[in-house]
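*Asks:*
This is how it looks when you write it as structure tokens:
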């Protein structure tokens, strides 16, 4: 198979870019996030992408307003995907992350505070674990990691 070449005929060499947790956290904060840590930043970035928010408008209140405009099913799916994506990225970057069971409990408590019935804890855990192995969460994780390479978003 012939290697790809640029216009001058020079072979194009694709290199893996090493991304650090700090690089990704800085880049997500540059997008408008006020996240406390990498896990939180990735979670909010996942929601921002689901809500199709422009880079620069990824503040938590903006994301929450956009999430409220989603249908109940889409909001639940976004939460499941966000939990899956944060697990995928934190594991990939060797960042400590609490187990899925912890985040299931957090999600259920949050839904009770907002008086919203979502999934049972068992359903939520199953959904997150399935999403972690699904192509959609993996693709979204790659999109978030690629933010580091974007200059203008």
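In the working numbering, the protein residues as written are 872 to 1024. All C-beta atoms, glycine included, are put in the ideal place defined by N, C-alpha and C.
#1: Report all residues from its chain with a CB closer than 6 Å to the CB of residue 947; omit the five preceding and five following residues, and keep chain order.
#2: Count Cβ pairs between the segment 963-981 and the segment 994-1008 that sit closer than 8 Å; are there 3 or more?
#3: Which value, in whole angstroms, describes the spacing of the CA atoms of residue 932 and residue 923?
#4: What's the C-alpha gap between residue 1018 and residue 983?
#5: Buried or exposed for residue 957, please, with buried defined as at least 16 other CB atoms from any protein chain shown within 10 angstroms of its CB.
#6: Can you find the residues in the same chain that come closer than 8 Å, C-beta to C-beta, to residue 912, ignoring five residues on each side of it along the sequence?
#7: If you check the beta carbons only, do residue 1003 and residue 955 fall under 8 Å apart?
#8: At what residues does the alpha helix (DSSP H) containing residue 992 begin and finish?
*Replies:* Once the coordinates are examined:
#1: What you label residue 947 is simply residue 76 of the chain shown in a count that begins at 1. Excluding residues within five positions, the ones whose Cβ falls inside 6 Å are 989.
#2: Touching, per the Cβ criterion.
#3: In the chain shown, the residue the question calls residue 932 occupies position 61. In the chain shown, the residue the question calls residue 923 occupies position 52. Cα to Cα, the separation comes out at about 15 Å.
#4: Taking the chain shown and counting its residues from 1, the one referred to as residue 1018 is at position 147. Taking the chain shown and counting its residues from 1, the one referred to as residue 983 is at position 112. Computed Cα separation, rounded: 33 Å.
#5: The sequence position of residue 957 within the chain shown is 86, counting from 1. Residue 957 should be labelled buried.
#6: By one-based count along the chain shown, residue 912 stands at place 41. Within the same chain, residue 912 has close Cβ partners 895, 896, 899, 900, 904, 906.
#7: Taking the first residue of the chain shown as 1, we reach residue 1003 at position 132. Taking the first residue of the chain shown as 1, we reach residue 955 at position 84. Against a cut-off of 8 Å, the Cβ pair of residue 955 and residue 1003 comes out as a contact.
#8: By one-based count along the chain shown, residue 992 stands at place 121. It spans 992-1003 - the alpha helix (DSSP H) in which residue 992 sits, taken as one unbroken run.
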